[in-house]
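**Student:**
Residue numbers (the numbering used here), protein chains in the order written: chain A, 624 to 1041; chain B, 8 to 386.
#1: Going along chain A in order, which residues have a C-beta closer than 8 Å to the C-beta of residue 278(B)?
#2: Examine chain D for any beta-carbon lying closer than 7 Å to the beta-carbon of residue 286(B), and answer yes or no.
#3: Can you pull the chain A neighbours of residue 245(B), defined as C-beta to C-beta under 8 Å?
#4: Along chain B, which residues have their Cβ under 8 Å away from the Cβ of residue 931(A)?
#5: Run through chain B and tell me which residues come within less than 8 Å of residue 947(A), C-beta to C-beta.
#6: Within 7 Å of any Cβ in chain B, is that where the Cβ of residue 951(A) sits?
#7: When you compare the CB positions of residue 112(B) and residue 103(B), do they come within less than 7 Å of one another, or not?
#8: Name the DSSP bridge partner or partners of residue 812(A)?
#9: Would residue 875(A) pass as an interface residue toward chain B - the criterion being a Cβ-Cβ separation below 7 Å?
#10: With a threshold of 7 Å between beta carbons, is residue 903(A) in contact with chain B?
#11: Which residues of chain B have a Cβ atom closer than 9 Å to the Cβ of residue 1010(A), listed in chain order?
#12: So, helix, strand or coil for residue 955(A), using DSSP?
#13: Run through the DSSP bridge pairs and tell me what residue 926(A) is partnered with.
#14: Cβ closer than 9 Å: which chain A residues qualify as neighbours of residue 283(B)?
#15: Quick one: Cα of residue 259(B) to Cα of residue 785(A), how far?
#16: Is residue 779(A) helix, strand or coil by DSSP?
#17: As a quick exercise: from 46(B), 81(B) and 197(B), pick the residue whose alpha carbon is nearest that of residue 60(B).
#18: May I have the straight-line CA-CA distance separating residue 888(A) from residue 54(B), to the nearest angstrom?
#19: Mind checking whether residue 154(B) and residue 219(B) have CB atoms under 7 Å apart?
#20: Pair every Cβ in the stretch 165-177 of chain B with every Cβ in the stretch 201-214 of chain B, then say whether three or more of these pairs are closer than 8 Å.
#21: Residue 162(B) and residue 132(B): beta carbons closer than 7 Å?
#22: Can you pull the chain B neighbours of residue 841(A), defined as C-beta to C-beta under 8 Å?
#23: Terminal residues of the continuous beta strand (DSSP E) containing residue 131(B)?
#24: Is residue 379(B) close to chain A, meaning its C-beta is less than 7 Å from at least one C-beta of that chain?
#25: Put residue 176(B) into one of helix, strand or coil per three-state DSSP.
#26: Figure out for me which residue from 301(B), 304(B), 101(B) and 286(B) has the closest Cα to the Cα of residue 332(B).
#27: Check whether the Cβ atoms of residue 252(B) and residue 297(B) sit closer than 7 Å, and answer yes or no.
#28: Taking 8 Å as the limit between beta carbons, can you name the residues of its chain near residue 1000(A), skipping five residues before and five after?
#29: Counting along the chain, where does the alpha helix (DSSP H) carrying residue 984(A) start and finish?
#30: How many Å lie between residue 15(B) and residue 864(A) at the Cα?
#31: Once the 5 residues before and after residue 373(B) are set aside, which same chain residues still bring their CB inside 8 Å of it?
#32: What are the start and end residues of the alpha helix (DSSP H) that includes residue 639(A)?
#33: For residue 876(A) and residue 932(A), which I take to be in contact (beta-carbon distance under 8 Å), what is that distance rounded to the nearest angstrom?
#34: Could you give the C-beta distance for residue 858(A) and residue 783(A), rounded to a whole number, given that I count them as a contact under 8 Å?
#35: Do the CB positions of residue 88(B) and residue 250(B) come within less than 7 Å of each other?
#36: For residue 215(B), which three-state DSSP category applies?
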């Protein structure tokens, strides 16, 4: 390219390229996007490889790391063009928008050159390894250790609730490197291979039968200094970058996401109409009221996301306002799940030829949305303390060296899958 | 910052300054205790500020600030919510929305100018006694007569019905829906004020007993009456929603401040997690109310084909959430919150009034259901 290409010219080139190279979405057959499905990840890598080969990967990532080095207006224009095509959406979160974005902020030159490029080529998937079996919302209270010896670092401990780690190559792992200082001051972030000696991975089977989440056990995994992201004992700052980028991604405010479609299509209008007809209540005013409420709530959600994300961009709301969007996803999901259950009635709990038992089964994992990515209660704390500026909760471990703080025992036993 | 956004900010700031001076909560209480609704001189000032002309094109004496009169008007409605100001801005704007969209609007240019200048007030007579909000199914009849039409029937809960100089009446004629703009002192017309839950808003029941109107008082024709009524509903409802957003913001800010300042067991109320979590939920609901209202305003302003569905979503969501938010704010205030002396009830009254007029949440849910079911999956 000699001169700078205009957004319009870029969009026109993308339009032509997409038509020739990317599969079109079939409205009636939603593309495979389940994160628990190995095939979906292979498919995403393949699509990403196509984007890279065509020169449309990493539009907002710098050129030296394999991107195009363009501003967000080009990404937005590309998203418009890509709307009717199958895109590797599951790579957006966390690989591009959280992990690569954070590496770009705080990674070493080598880490950026190696990992951002590999991810853009569709050769590498990254995850976050943060939560632990012994911890819940208290992330900084984690107990996975990284001990230093002559040859480098030795990792021991366990991580959990990592989305689709089975399909990933590397993880950003937060570990305790100094237990003699208050909890936030003794943590370090490592870029860790997932499939390496000393790492055992287990998929977590959830109540609804899905198994996209994983648990990883670390037994003497060895890493060298090149794996450290940011500085030793400054891991909480790096985690802050991850969290910052996660909030932006949730608020659809990340320039590193490519493609805008819904990753999952449980939102289709037809669902509730079919459900009401199958349940024999399509003409029942109460059912119509309940379904209308669900449809309205989805519209409210879309407007809320747009409103809060734009307020975060222009600074009217602080970045912590991403928690408002997070909390609202629980609200919408609860309403959808509960409404379906109400409409299905007995058919949701005892199956017949209409096959509505799936409604009851979905109900069983209703709380998943209110636990993943930080619980609803944590989101409420964040909104209260960092959006409204109300007094912080009392914490018994504030300013206390971590090894003098009471915490849950490390869970060493490995539960075997049934 | 663009020139137009600066101008809009200035317009809104001017509105705020005017309301802070001339529509305070103590003036609200004074109007009530003197059994007055709104001062005509006050209304003239409102017109001079340009609020009445926002939906009206310049060649008819109106004009807007941002390029979208509905956005400007919604911004004013939100400001009105901060002090639950009195005045017939909603009915006048709703009637004007119909008038300027009518194919025979040129014939009504004089009336439009009178409404914009504040010299006349108009009200929309659409609801009927004992019936739910169903603007497309009036039972008031317009029968062909030698002079034009004869109107018979009863309209109910007409905002500013007793104060208005002109009434826009929705009627059923032999050839379908019709709307007529008639003087409120027309022979055969009787007006009966109705008590309402708000302290300064005014509603009336209006009986039409062989009221004769000529064709010149018709607004539009039967072919487009339904579209005009849709537009009037959309404008009326988004103004209510925008005002409710202003109310909620005021009440929630008031409550957050209160919980910070109020000590209990040696701690500020705002330091208790049980209280913080409720305030967090209310903050989320407020932003959701703001978001869906803005979304509805955008679509009505753009005349989107699905604007009515978005308006229903806003109306039902605010209807189900605004009341509970204000009630919970009252709860967090403690006993003072249920006293006449405290201002909270002034806000609760307006919110409650709006919840049940122009369709309840349930009515709008069912409208969304019907619309989505008949149009099928959207994209």
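For glycine and all other residues, C-beta sits at the position ideal for the given N, C-alpha and C.
**Tutor:** For this structure:
#1: For the purposes of this step, residue 278(B) is taken as residue 271 along the second chain, with counting starting at 1. Those within 8 Å of residue 278(B) in chain A are 1013 and 1014.
#2: Absent from the structure is chain D; the protein chains it does hold are A and B.
#3: Here residue 245(B) refers to the residue found at position 238 when the second chain is read from its first residue. Going along chain A, no residue has its Cβ under 8 Å from residue 245(B), so there is no contact; the nearest lies around 13 Å.
#4: The count along the first chain starts at 1 and reaches residue 931(A) at position 308. In chain order: 294 and 298.
#5: As a position in the first chain, residue 947(A) is number 324, starting the count at 1. Near residue 947(A) (Cβ distances below 8 Å), the residues of chain B are 290, 291 and 294.
#6: Numbered from its first residue, the first chain carries residue 951(A) at position 328. So, interface residue.
#7: Position 105 of the second chain holds residue 112(B). Position 96 of the second chain holds residue 103(B). Not closer than 7 Å, so no.
#8: Translated into positions along the first chain, residue 812(A) becomes position 189. According to DSSP, residue 812(A) bridges with 797(A) and 852(A).
#9: As a working note, residue 875(A) is residue 252 in the first chain. So no, residue 875(A) is outside the interface.
#10: The residue you call residue 903(A) lines up with position 280 of the first chain. Not an interface residue.
#11: Within the first chain, numbered from 1, the residue matching residue 1010(A) stands at position 387. The answer, in chain order, is 287 and 290.
#12: Start at 1 with the first residue of the first chain, and residue 955(A) comes out as number 332. Residue state, collapsed to three classes: helix.
#13: Taking the first chain and counting its residues from 1, the one referred to as residue 926(A) is at position 303. DSSP output for residue 926(A) lists no bridge partner at all.
#14: Within the second chain, numbered from 1, the residue matching residue 283(B) stands at position 276. Those are 1003, 1004, 1006, 1007, 1008, 1011, 1013, 1014 and 1016, listed as they occur along chain A.
#15: For the purposes of this step, residue 259(B) is identified with residue 252 of the second chain, where counting begins at 1. For the purposes of this step, residue 785(A) is identified with residue 162 of the first chain, where counting begins at 1. For residue 259(B) and residue 785(A), the distance between alpha carbons rounds to 38 Å.
#16: By one-based count along the first chain, residue 779(A) stands at place 156. If DSSP states are grouped into helix, strand and coil, residue 779(A) belongs with the strands.
#17: One-based indexing of the second chain puts residue 60(B) at position 53. It is 81(B).
#18: For the purposes of this step, residue 888(A) is identified with residue 265 of the first chain, where counting begins at 1. For the purposes of this step, residue 54(B) is identified with residue 47 of the second chain, where counting begins at 1. Per-residue confidence for residue 888(A) stands at a pLDDT of 46, beneath the threshold of 50, marking its modelled position as unreliable; no derived number is given.
#19: Along the second chain, read from residue 1 onward, the residue named residue 154(B) stands at position 147. Along the second chain, read from residue 1 onward, the residue named residue 219(B) stands at position 212. Contact: yes.
#20: yes
#21: Here residue 162(B) corresponds to residue number 155 of the second chain, with the count starting at 1. Here residue 132(B) corresponds to residue number 125 of the second chain, with the count starting at 1. Yes; because the gap between Cβ atoms is below 7 Å, this pair is in contact.
#22: Translated into positions along the first chain, residue 841(A) becomes position 218. Simply none; closest approach about 34 Å.
#23: One-based indexing of the second chain puts residue 131(B) at position 124. Run containing residue 131(B): 129-132, per the beta strand (DSSP E) assignment.
#24: Residue numbering aside, residue 379(B) sits at position 372 when the second chain is read from its first letter. Chain A contact via Cβ: present.
#25: Within the second chain, numbered from 1, the residue matching residue 176(B) stands at position 169. Strand at residue 176(B).
#26: As a first step, residue 332(B) must be located in the second chain, where it is residue number 325. Among 301(B), 304(B), 101(B) and 286(B), the Cα nearest to that of residue 332(B) belongs to 286(B).
#27: In the second chain, residue 252(B) corresponds to position 245, counting from 1. In the second chain, residue 297(B) corresponds to position 290, counting from 1. Contact flag set, yes.
#28: The sequence position of residue 1000(A) within the first chain is 377, counting from 1. Closer than 8 Å at the Cβ level, and outside the excluded window around residue 1000(A), lie 760.
#29: Along the first chain, read from residue 1 onward, the residue named residue 984(A) stands at position 361. From DSSP, the alpha helix (DSSP H) with residue 984(A) extends over 980-987.
#30: As a first step, residue 15(B) is located in the second chain; it is residue number 8 there, counting from the start. As a first step, residue 864(A) is located in the first chain; it is residue number 241 there, counting from the start. Going by the C-alpha atoms only, they are around 36 Å apart.
#31: What you label residue 373(B) is simply residue 366 of the second chain in a count that begins at 1. Excluding sequence neighbours, residue 373(B) sits near nothing in its chain.
#32: On the first chain, position 16 is the one that residue 639(A) refers to. Taken as a continuous stretch (DSSP letters only), the alpha helix (DSSP H) holding residue 639(A) covers 630-644.
#33: Here residue 876(A) refers to the residue found at position 253 when the first chain is read from its first residue. Here residue 932(A) refers to the residue found at position 309 when the first chain is read from its first residue. Correct: roughly 5 Å between the Cβ atoms.
#34: By 1-based counting over the first chain, the position of residue 858(A) is 235. By 1-based counting over the first chain, the position of residue 783(A) is 160. No, residue 858(A) and residue 783(A) are not in contact; Cβ-Cβ is about 18 Å, not under 8 Å.
#35: Within the second chain, numbered from 1, the residue matching residue 88(B) stands at position 81. Within the second chain, numbered from 1, the residue matching residue 250(B) stands at position 243. Result yes, Cβ atoms of residue 88(B) and residue 250(B) sit closer than 7 Å.
#36: Within the second chain, the letter at position 208 stands for residue 215(B). Of the three classes helix, strand and coil, the one that applies to residue 215(B) here is strand, per DSSP.
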